[in-house]
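Have a look at the structure below before the remarks.
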Ligand SMILES: NC(=O)c1ccc[n+]([C@@H]2O[C@H](COP(=O)([O-])OP(=O)(O)OC[C@H]3O[C@@H](n4cnc5c(N)ncnc54)[C@H](OP(=O)(O)O)[C@@H]3O)[C@@H](O)[C@H]2O)c1
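Numbering (my numbering), first residue to last: 22 to 362.
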């Protein structure tokens, strides 16, 4: 695969420790639902929103009269979530539609799901895309239908493939609000030391399971990838992005009690859940990327931290956003997903 052209700078372990601490004790959110604009007539796509942070994010968008397409892998879970939101916000003038079957563990399914999104939208342009769906597994041996390591496929290949299909509707000039949020994590700090990516074979395709690192490192790689994708998407589409003022950011939503930790042992859950925050705080972080009015082209590829402020990612990734490593990663993913266009 294409590799970074510059060696990755080293990073300070003290800073890593500080960022881990910050994830558990972040600053208070400063941009919260009272500050969100009215979203009448705007359309948002949120993936993985039948539960957790995505569900909270959809609630806040819908409460501001947004038309939200809830993209999920299991339709019945999406419908149950939609019905609960409709009950909770009876005053909203927005719309909620559910598109099921967007299961990133099989890339052959994504084109069909994207087609369904287009039919639901009936050619209306999209204002906001939040790539929220994600997998954090406790095991390093999970493999997708395509033979790729499952966290990499779910967190990097799937979202970039869906974005490919949504670009024509997103890159239409319609309103001043054009945002993409690639949901990353503070766990990118655990990714491998060369810009967070195992450049020799990030998907671990055909590699023996024993050659895979620990699950946390694989998750860290996939979340480093999201930071690179946020920046690379904006560079790849620079001409039109500048014309219509899109802003593409990555976001570490926080350390939150959600279903993400579904395969942790009960003891892990009991101990760590005391330190973690309610999922709605994660929505504040994601919606900072989607709605904060003062983001502009200078914030392209910015890394949003809980609960809505911009930090630098790990030192090597920060450098990678300036020296073309983001594009090398994007091109690798693009080549991998091309058979599914
Ligand atoms: N919670 C945290 O502390 C935390 C911290 C940092 C980053 N994040 C990131 O925030 C995002 C949301 O996480 P969350 O905490 O809300 O987790 P969650 O409650 O587990 O929700 C994850 C969502 O992703 C969906 N998903 C999982 N695998 C999928 C696949 N193969 N294809 C399509 N969708 C899939 C899930 O669908 P099902 O319900 O059908 O499984 C669910 O809707 C993720 O990207 C996660 O990495 C979370």
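A virtual CB, placed ideally from N, CA and C, is assigned to each residue, including glycine.
Residue i Cβ short of 8 Å to ligand 1 heavy atom set
i: residue 270; result: no
i: residue 282; result: yes
i: residue 335; result: no
i: residue 177; result: no
i: residue 47; result: no
i: residue 128; result: no
i: residue 74; result: yes
i: residue 157; result: yes
i: residue 326; result: no
i: residue 406; result: The question about residue 406 has no answer here: the residues shown for the chain are numbered 22 through 362.
i: residue 71; result: yes
Proximity of residue i and residue j at Cβ, strictly below 9 Å
i: residue 314; j: residue 54; result: no
i: residue 70; j: residue 115; result: no
i: residue 417; j: residue 256; result: No information on residue 417 is available, as it lies outside the stretch 22 to 362 that the chain covers here.
i: residue 187; j: residue 144; result: no
i: residue 345; j: residue 25; result: yes
i: residue 300; j: residue 50; result: no
i: residue 151; j: residue 204; result: yes
i: residue 297; j: residue 45; result: yes
i: residue 64; j: residue 280; result: no
i: residue 200; j: residue 310; result: yes
i: residue 75; j: residue 177; result: no
i: residue 174; j: residue 224; result: yes
i: residue 192; j: residue 262; result: yes
i: residue 273; j: residue 324; result: yes
i: residue 288; j: residue 202; result: no
Chain B within 9 Å of residue i, Cβ atoms only
i: residue 181; result: Here there is only one protein chain, and chain B is not present.
Local Cβ density within 10 Å of residue i, reported as buried at 16 or more and exposed below that
i: residue 21; result: Since the first residue of the chain shown is 22 and the last is 362, residue 21 is not available in this structure.
i: residue 168; result: exposed
i: residue 129; result: exposed
i: residue 101; result: exposed
i: residue 170; result: buried
i: residue 91; result: buried
i: residue 364; result: Because the chain spans 22 through 362 in this model, residue 364 falls outside it and cannot be assessed.
i: residue 227; result: exposed
i: residue 47; result: buried
i: residue 93; result: buried
Exercise for review: Starting from the N-terminal side, write out each stretch of the alpha helix (DSSP H) that is 4 residues or longer and does not extend beyond the stretch 96-170.
Suggested key: Whole alpha helix (DSSP H) segments, 4+ residues: 96-109, 131-142.
Check your understanding: Can you list the alpha helix (DSSP H) stretches of 4 or more residues lying completely in the stretch 253-285, in chain order?
Key -> 259-265
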